[in-house]
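Plus 7 on top of the position in the first sequence (first one is 1) and you've got our numbering. Step one of this worksheet: look at the structure below.
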Amino acid sequence: MCFLSKCYLYFPERFYIYSVNIHFLYLRFFMRMSKLVGRRIKEDPRDAQIISHKFIIRGGYARPVSTGIYSLLPLGKNIAKKIEDIIREEMNAIDGQEVLMPVVLPRELWEESGRYESVGGELLRFKDRNGKDMLLGMTHEEAVCHLIRTEINSYKQLPVMVYQIQTKYRDEARPRAGLIRVREFTMKDAYSFHESQECLEKYYEKAHQSYENIFRRLGMNNVVSIKSDSGMMGGAVSHEFMAISEAGEDTIFMSPCGKYKANREVATAAWKFFSEPSKELEKVYTPDKTTIEEVAAFLGVKPEHTGKAVFYVDNNENLIFVMIRGDFEVNETKLRNYLKTPQLNFANDEQIRKAGSVPGYASPVGLGKNKIRIVVDKSVAESSNLVAGANEEHYHFKNFNLSRDLPGAEIIEIATVRAGDPCPITGAPLEEKRGIEIGNIFQLGTKYSEKMNCNYLDNNGKSKPIIMGCYGIGVGRNLASVIEQSHDEYGPIWPMSIAPYHVHICALNIKEENVKSVSEKLYADMKAAGIEVLYDDRGEKAGFMFNDADLIGVPLRVIISPKTLETNSVEFSTRGNKDKQIISLASIIETIEGRIKDELEKYK
RNA sequence: CGGGAUGUAGCGCAGCCUGGUUAGCGCGUUUGACUGGGGGUCAAAAGGUCGAGAGUUCGAAUCUCUCCAUCCCGACCA
Numbered sequence: 008m009c010f011l012s013k014c015y016l017y018f019p020e021r022f023y024i025y026s027v028n029i030h031f032l033y034l035r036f037f038m039r040m041s042k043l044v045g046r047r048i049k050e051d052p053r054d055a056q057i058i059s060h061k062f063i064i065r066g067g068y069a070r071p072v073s074t075g076i077y078s079l080l081p082l083g084k085n086i087a088k089k090i091e092d093i094i095r096e097e098m099n100a101i102d103g104q105e106v107l108m109p110v111v112l113p114r115e116l117w118e119e120s121g122r123y124e125s126v127g128g129e130l131l132r133f134k135d136r137n138g139k140d141m142l143l144g145m146t147h148e149e150a151v152c153h154l155i156r157t158e159i160n161s162y163k164q165l166p167v168m169v170y171q172i173q174t175k176y177r178d179e180a181r182p183r184a185g186l187i188r189v190r191e192f193t194m195k196d197a198y199s200f201h202e203s204q205e206c207l208e209k210y211y212e213k214a215h216q217s218y219e220n221i222f223r224r225l226g227m228n229n230v231v232s233i234k235s236d237s238g239m240m241g242g243a244v245s246h247e248f249m250a251i252s253e254a255g256e257d258t259i260f261m262s263p264c265g266k267y268k269a270n271r272e273v274a275t276a277a278w279k280f281f282s283e284p285s286k287e288l289e290k291v292y293t294p295d296k297t298t299i300e301e302v303a304a305f306l307g308v309k310p311e312h313t314g315k316a317v318f319y320v321d322n323n324e325n326l327i328f329v330m331i332r333g334d335f336e337v338n339e340t341k342l343r344n345y346l347k348t349p350q351l352n353f354a355n356d357e358q359i360r361k362a363g364s365v366p367g368y369a370s371p372v373g374l375g376k377n378k379i380r381i382v383v384d385k386s387v388a389e390s391s392n393l394v395a396g397a398n399e400e401h402y403h404f405k406n407f408n409l410s411r412d413l414p415g416a417e418i419i420e421i422a423t424v425r426a427g428d429p430c431p432i433t434g435a436p437l438e439e440k441r442g443i444e445i446g447n448i449f450q451l452g453t454k455y456s457e458k459m460n461c462n463y464l465d466n467n468g469k470s471k472p473i474i475m476g477c478y479g480i481g482v483g484r485n486l487a488s489v490i491e492q493s494h495d496e497y498g499p500i501w502p503m504s505i506a507p508y509h510v511h512i513c514a515l516n517i518k519e520e521n522v523k524s525v526s527e528k529l530y531a532d533m534k535a536a537g538i539e540v541l542y543d544d545r546g547e548k549a550g551f552m553f554n555d556a557d558l559i560g561v562p563l564r565v566i567i568s569p570k571t572l573e574t575n576s577v578e579f580s581t582r583g584n585k586d587k588q589i590i591s592l593a594s595i596i597e598t599i600e601g602r603i604k605d606e607l608e609k610y611k
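Rendered as structure tokens:
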């Protein structure tokens with residue numbers, strides 16, 4: 008057993024040799040329930056919608072302090088610490104070095120990168136007592152560039168990776184879902200520095216593997232890595248790690264075989280559109296029919312045979328006319344990326360009229376291309392004889408054909424994928440899933456290092472910006488995601504690797520002297536053996552204790568009662584499994600050590 | 001930022017429409033007794049600026065106004 012084995016510490020300068028049980032080197036958790044801070048609650052909190060939120064509150068893992076701001080109680084903190092330690096091990100294994108950067112940062116640093124201006128209200132800005140502008144760090148690219156540019160000067164020092172496990176603050180517009188979307192949270196953020204793109208890419212692969220290790224070791228059984236939109240982080244390549252769960256905020260499309268998987272923001276499909284010989288353009292009367300559904304029903308066609316007009320305004324007040332087949336929705340992320348604009352909003356009726364169009368009956372036909380930018384989705388370009396607006400109240404056109412009626416239009420793919428659309432690789436119907444983003448990795452390149460003078464001298468003595476990658480994991484979000492993926496109706500079922508304790512002792516009828524003395528001794532012996540043990544010494548009714556134990560979700564359970572003591576034994580069971588074994592008192596510690604070892608082995 | 005809802009004991013809620021002694025209920029908490037293998041029973045007790053402020057009224061948890069907070073949907077989201 009690892010924590011019983013001896014280890015020798017050697018201090019050469021003094022020639023002292025110590026022999027200690029290895030468990031003295033690691034913090035181990037143990038507690039008696041009568042003293043455990045954090046109560047269990049029988050009823051679901053009113054505002055909780057998802058399982059993890061309910062169990063986190065009901066089990067006494069965390070308490071809300073303000074919107075999206077939580078205190079962790081001992082149970083939650085124990086788990087968080089184990090999650091952090093697993094992350095540390097994996098980061099150290101890919102040559103990471105732990106550092107700690109400040110939560111509070113000065114404005115100047117963020118002005119260097121340009122993000123003081125470009126990031127919106129989620130960056131919390133404030134003044135210190137001298138009136139100096141400060142902010143709360145929501146991510147640490149600026150801080151790490153500040154650190155590295157003074158410490159790293161030479162190619163000989165590269166590559167290098169530093170990481171921290173630190174509080175982040177993002178002034179989210181709408182925190183929700185318990186620990187999944189919060190304002191203040193703990194995050195591991197790592198930053199790697201390289202001479203070349205090749206070196207970054209090689210390291211990026213290692214980080215990807217490291218992340219897969221981490222999520223497996225946390226006991227997450229359904230995590231996928233998908234290529235993602237880099238958003239305002241910039242950079243060429245990025246991946247999101249998604250814990251598949253109904254509670255997730257992101258929508259993912261996957262082919263059944265798993266060959267293709269993508270966030271809805273960037274997902275595409277091998278759509279096939281129908282085309283037939285063009286018919287004559289024909290104006291038809293469609294009184295008060297302004298939506299696709301109404302027009303299609305009125306004319307007796309399917310939405311697939313219509314074209315939909317959507318107007319957007321970018322941040323410079325430019326109007327953009329988008330046309331897409333009636334049964335599709337515009338994917339704004341794709342459109343934004345294509346237009347290279349940071350912001351898009353729906354245009355209002357007044358703006359649409361000003362451009363010479365008619366809301367509800369808008370059409371690209373007759374709209375001057377010089378007056379307004381017209382972008383057309385492939386679904387319209389490759390279909391024929393569609394119903395489209397006529398730019399006139401109560402009228403639509405039948406048999407709109409893009410190549411004939413609007414030649415030279417900008418044609419791109421901006422449709423949102425739908426469940427069942429054909430996979431772009433295999434052609435199989437795509438499945439739609441929800442996911443919680445529990446980690447992400449980015450190839451940043453020189454986006455920050457260039458602006459922030461984070462340079463090194465190459466082997467020719469030339470100064471160059473360092474090529475960077477960054478890698479994040481949210482600790483609390485992972486805790487919640489494990490609950491989402493591992494629970495039953497009574498509470499979480501913690502994997503041994505991150506369980507708040509390894510064993511839960513339930514003493515039944517503790518008023519009986521025999522039960523009390525044996526339980527106390529077992530608790531003491533387990534502590535001495537380095538087993539992480541939670542001991543329910545409260546003398547509650549059996550059912551009450553078991554329900555609490557289920558909410559705490561400790562993997563192994565030992566029950567001591569007058570009945571079991573008649574045969575000098577205890578009952579032993581596993582969380583999530585009603586089967587119980589009778590084990591003699593003499594061998595219970597050995598049995599448990601074996602089980603803990605076997606379980607921990609699965610998460611190595 | 002837009003739409004909707006809610007604030008009453010530690011937690012979950014009733015009371016408000018139709019103003020009127022001392023503001024209730026369940027869970028939890030404390031004390032005692034019984035009980036003892038899936039949230040047990042009985043008895044007693046503690047616990048409230050009814051979100052805040054202003055107003056109407058002889059009288060406001062209840063009606064009016066303002067503000068604050070929280071939650072849901074949307075917008076937003078390195």
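Cβ atoms here follow ideal geometry from the backbone N, Cα and C, with glycine treated the same way. Please read all numbers here as calculations on a predicted model, not as lab measurements.
Alpha-carbon spacing of residue i relative to residue j, whole angstroms
i, j, result
"Val111", "Leu142", "6 Å"
"Glu578", "Asp605", "19 Å"
"Lys175", "Ile480", "12 Å"
"Ala69", "Asn338", "37 Å"
"Phe553", "Asp178", "40 Å"
"Arg46", "Gly66", "7 Å"
"Phe133", "Asp140", "6 Å"
"Val302", "Gly314", "11 Å"
"Pro366", "Ala354", "10 Å"
"Met239", "Pro310", "Because Met239 sits at a pLDDT of 44, beneath the cut-off of 50, its placement in the model cannot be relied upon, and the point is left open."
"Tyr478", "Asn323", "33 Å"
"Lys163", "Ala197", "21 Å"
"Ser26", "Tyr33", "With a pLDDT of 43 at Ser26, under the threshold of 50, the predicted position of this residue should be treated as unreliable, and no value is reported."
"Leu572", "Glu256", "50 Å"
"Asp1", "Lys548", "With the chain covering only 8 through 611, there is no way to say anything about residue 1."
"Ser245", "Ser235", "6 Å"
"Leu541", "Thr193", "26 Å"
"Leu492", "Lys440", "First, the amino acid is wrong: residue 492 is Gln here, not Leu. Looking at the two C-alpha atoms, the distance is approximately 14 Å."
"Phe248", "Val489", "14 Å"
"Tyr610", "Glu389", "51 Å"
"Ile93", "Tyr345", "40 Å"
"Asp334", "Ala422", "10 Å"
"Gly241", "Val273", "In this prediction, Gly241 scores a pLDDT of 46, lower than 50, which makes its location untrustworthy; the coordinate-derived value is nonetheless stated afterwards. Spanning the two alpha carbons is a distance of roughly 15 Å."
"Ser285", "Leu393", "10 Å"
Cutoff 8 Å; reference residue i; Cβ partners in own chain excluding five residues on either side
i, result
"Glu420", "Thr275, Lys341, Asp384, Lys385"
"Pro371", "Ala316, Phe328, Met330, Ile381, Val383, Ala395, Asp412, Leu413, Ala416"
Paired residues, beta bridge with residue i - DSSP
i, result
"Arg380", "Ile327"
"Tyr198", "Val169, Cys477"
"Ile445", "DSSP, once it has assigned bridges, lists no residue as partnering Ile445."
"His246", "Lys234, Ile448"
"Lys585", "Its beta-bridge partners do not exist; DSSP assigns none."
6 Å Cβ shell around residue i - same chain, five flanking residues per side excluded
i, result
"Arg271", "Thr258"
"Lys61", "Asp51, Ala55"
"Val329", "Val317, Val337, Val382"
Cut-off 7 Å between Cβ atoms - residues of its own chain near residue i, not counting five sequence neighbours on either side
i, result
"Arg35", "Gly537, Glu539"
"Leu64", "Reading off the sequence, residue 64 comes out as Ile, not Leu. If we look at Ile64 and ignore the five residues flanking it on each side, its Cβ neighbours are Ile48, Pro52, Ala55."
"Met8", "Legend: pLDDT at Met8 = 35, less than 50; position of this residue unreliable, value from coordinates given subsequently. For Met8, where only same-chain residues beyond five positions count, the Cβ hits under 7 Å are Glu600, Lys604."
"Asn160", "Tyr463, Leu464"
"Pro71", "Tyr77"
"Ser262", "Cys430, Ile432, Thr433, Ala435, Leu437"
"Lys89", "Ser504, Ile505"
* Which parts of the segment 464–497 are runs of the beta strand (DSSP E), unbroken and 3 residues or longer, counting only runs that do not cross its ends? -> 470–472, 474–481
* the segment 210–230 touching the segment 405–415, judged by at least three CB pairs closer than 8 Å -> no
* For the segment 33–49 against the segment 466–479, are there 3 or more C-beta pairs whose distance is under 8 Å? -> no
* Segment contact flag, the segment 104–121 with the segment 444–461, C-beta cutoff 8 Å, min 3 pairs -> yes
* Is the segment 93–112 in contact with the segment 576–590, if contact means three or more CB pairs nearer than 8 Å? -> no
* **Contained alpha helix (DSSP H) runs [length at least 4] in the segment 287–314, N- to C-terminal order** => 299–306
* At what residue ranges does the segment 505–530 contain a whole run of the alpha helix (DSSP H), taking only runs of 4 or more? -> none
* **the segment 162–175 touching the segment 436–452, judged by at least three CB pairs closer than 8 Å** => no
* Start-end ranges of the alpha helix (DSSP H) lying completely within the segment 78–131, minimum 4 residues -> 81–100, 114–120, 122–125
* Whole runs of the alpha helix (DSSP H) within the segment 32–76, excluding any shorter than 4 residues -> 58–65
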